[in-house]
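Using our numbering, you'd call the opening residue of the sequence shown number 6 and step up by one each time. Just so it is clear, CB atoms sit at the ideal spot from N, CA and C, and this is done for glycine as well.
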Amino acid sequence: MESEPVESSTKKNGVKIFLVSGSVLVLFICGAAFVLFLACMGAVFPLEILISTFAGWFLFLKRVIPQMTVSVPGLLSALVLSAIMVVVIQFMGRYFIRQFHKQNQASVPEQWRFRWTCAVLVLLVFSFAGGFAVVGVAYQSTWLMTSDKNLIQMSGWAMRRSTSKNNLKQIGLAMHHYHETHSRLPFGGTFDQTGRPQHSWATRLLPYLDQEPLYNQIDFNQPWTAEANRSVFETDLYFFENPGIEYAVANGKRDAESDQGYQPAHYAANSHVLNVNSGLSFKEIKDGTSYTLLAGEVKSGIKAWGDPTNFRDPMLGINQSPRGFGSPYQGGAHFLLGDGSVRFVTDKIDPQILKTLATPNGGESLGEF
C-alpha cells in the first residue's frame, strides 16, 4: 500500500525532469536557429559575440603568447616584490592577531598561518587585476557610447578585411602548387611574338583553385578577349574579388570600374616577380621568399582577372597612385609574400623598405616591417 505514493512521486519527478530537459533543448534549438538566420541575413554580430564570449580568451592567448618574450629583469623584479610583500603580510598578520588576542584577553594567542599570507597576497593581486579590468571596461564603454562610427558597420569591415586576406592566402597556395608542378611561378602575362596579349597569371592558377573545368574551356590558341573565350572570362570568381571594393561601390563610396562585361580581379601581381612572359622560380628570389611580395590588393585601375597586364610596381607606394597597390581599408593594404604568408603593410612604410620588398634580387637586408 505504501509503494503507490512512492511510485507516483517518482513518476512526477520523471515528468518534471523530462519537461525541463525538453524545454531547455527547444530553447537551445530555437536560439541556434535564430543565430543562423541572422548570419544568413548578414547580421553576424550575435554569432561573433558568442564566439568572443566563449572562445575569445583562448583565441587571444593563442595569438599573443607566441609574440611574448620573457623579460629577465622584469621577472626578477616581480619575484623580489612578491617576496617583500610576503614578509610584510606575514609580519603584519602576526602583529595584528597578537594585538587582537591581547585586547580580548586570550590566554593562548592564535598563530598567524603562512597559508593566510598566501591567500592575502593572491587577493591583492586579483584586486589590482580587477581594478585594471574595471578601468579598461569603463574606458571601452565610454568609447562605444561616444563613438560616431557605426559599430555594426565596423564589424562588417573587419569581416571584409578577413575575407580579402583569406583570398590572398588561397592565391598563395595556388601559386605554390603551380610552382611545384612547373618549377617556377606563372608568367605575369603571356604575349605572342607580335606583342599581342594572350593570357594572365590568374588564368594559369585556375586548376589550382578548384576551377579545372573552367580552365579546360579556354582556347589558349586565341587571346583572352576572343569571342570564343568571352563566356569563361565573364565568370564571377569570388577569390579574385575583394568584398571591401564591392561594398564601397554598392554604397557609392567609389565608382564602379568599366570591365566590358569581364569579371574583375581586385588583386594584382608584383611586376618585379611576375611580368611579360616572365615568372621567377623561388631559387631565383635571392632576397628570400619571406621578404618578397608576390601580389597585393588594388582599389583603382582594376583589370579583369583574365587580363595579361594585371601586374603593378609596388614601389609606386601604397594608396598613393592609381596605378599602384592599395585597398579600401584604412592604413594600408594586404600583400601576399613568397612564403605564402599574407601581411597588412602600412601605407606609411619607408619607401626604401617597400623597394626591398618589391625587388627579388636587390641584395638589401630587411628586418621587421
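For Lys288, does the three-state DSSP call read helix, strand or coil? Lys288: helix per DSSP, three-state reduction.
Can you say whether Thr199 is buried or exposed, counting buried as having 16 or more other CB atoms within 10 angstroms of its CB? exposed
Buried or exposed for Thr135, going by 16 or more other Cβ atoms inside 10 Å? First, the amino acid is wrong: residue 135 is Gly here, not Thr. Looking at its Cβ environment, which holds fewer than 16 other Cβ atoms inside 10 Å, Gly135 is exposed.
Validate contact between the segment 308-318 and the segment 353-361 using beta carbons, cut 8 Å, 3 pairs: In short, these stretches do not touch, since the Cβ pair count stays below three.
Can you pull the DSSP bridge partners for Phe196? Its beta-bridge partners are Pro202.
C-alpha gap between Phe63 and Met164, whole angstroms: 20 Å
For Pro78, count the other beta carbons within 10 Å of its own beta carbon; 16 or more makes it buried, fewer makes it exposed. Which is it? exposed
If distances are taken between C-alpha atoms only, which option among Asp292, Arg103, Ile102 comes closest to Leu342? Asp292
Are the segment 115-125 and the segment 82-99 touching by the rule of at least three beta carbon pairs closer than 8 Å? yes
Between Asp344 and the rest of its own chain, which residues show a CB-CB distance below 7 Å, the 5 nearest in sequence each way excluded? Close CB contacts of Asp344 within its chain, under the 7 Å cut and outside five residues either way in sequence, are with Thr294, Ser295 (chain order).
Measuring only the C-alpha atoms, how far is Ser167 from Ala270? Put simply, the backbone Cα of Ser167 is about 17 Å away from that of Ala270.
Run of the beta strand (DSSP E) containing Asn275, from where it starts to where it stops: Start and end: 272-275.
Below 8 Å between beta carbons: does that hold for Pro228 and Tyr220? no
On a Cα-Cα basis, can you pick out the residue from Leu41, Ile176, Gly367 that is closest to Tyr272? Ile176
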